[in-house]
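J.: Numbering (the numbering used here), first residue to last: 917 to 1022. Take a look at this one; I'll ask things after.
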Amino acid sequence: MIYELRHYRTEPGQRDAWVQLMETRIIPFQTEQGMQIVGSFVDEQDPDVYVWIRRFESEEQLKAQYAAVYGSPEWKNDIGPAADPLLKSENITVTRLQPTPASSLK
């Protein structure tokens, strides 16, 4: 099991627009492609921070789903270009996590 903890900083004042795009386009699209979205969060103290978590069964599944999502015409021509102006892409961090034996997220 692999989890991705994805931490994004939006352009100032754009977090609400980002959440709207995530909830109406990005999460549904990625879910349709087989990705498991575990959670979607906003930071209570920083108005420009958004965090989400994805789950993959294996490295092979992660690679296949990345290819399906980010290699698709819909992502390249529509979703990606809509997302780009809302994010500070240089501030995106992705942390890969493995659950411990006692974790409820396995």
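For every residue, glycine included, the Cβ atom is placed at its ideal position computed from N, Cα and C. Keep in mind it's a predicted model, so treat the numbers as computed, not measured.
(1) Is the distance from the Cβ of Tyr-966 to the Cβ of Arg-931 below 8 Å?
(2) If you draw a straight line from the C-alpha of Trp-968 to the C-alpha of Arg-922, how long is it?
(3) Mapping DSSP to helix, strand and coil, what is Glu-973?
(4) Nearest to Asp-994 by CA position, among Met-917, Phe-945, Tyr-924, Gln-981, is which residue?
(5) With DSSP as the reference, label Gly-987 as helix, strand or coil.
T.: Reading off the structure:
(1) Going by C-beta atoms, Tyr-966 is nearer than 8 Å to Arg-931.
(2) Taking the straight line joining both Cα atoms gives about 5 Å.
(3) The answer is coil: DSSP assigns Glu-973 none of H, G, I, E or B.
(4) From the listed residues Met-917, Phe-945, Tyr-924, Gln-981, the smallest Cα separation to Asp-994 is found for Phe-945.
(5) When secondary structure is reduced to three states using DSSP, Gly-987 falls in the coil class, being assigned neither helix nor strand.
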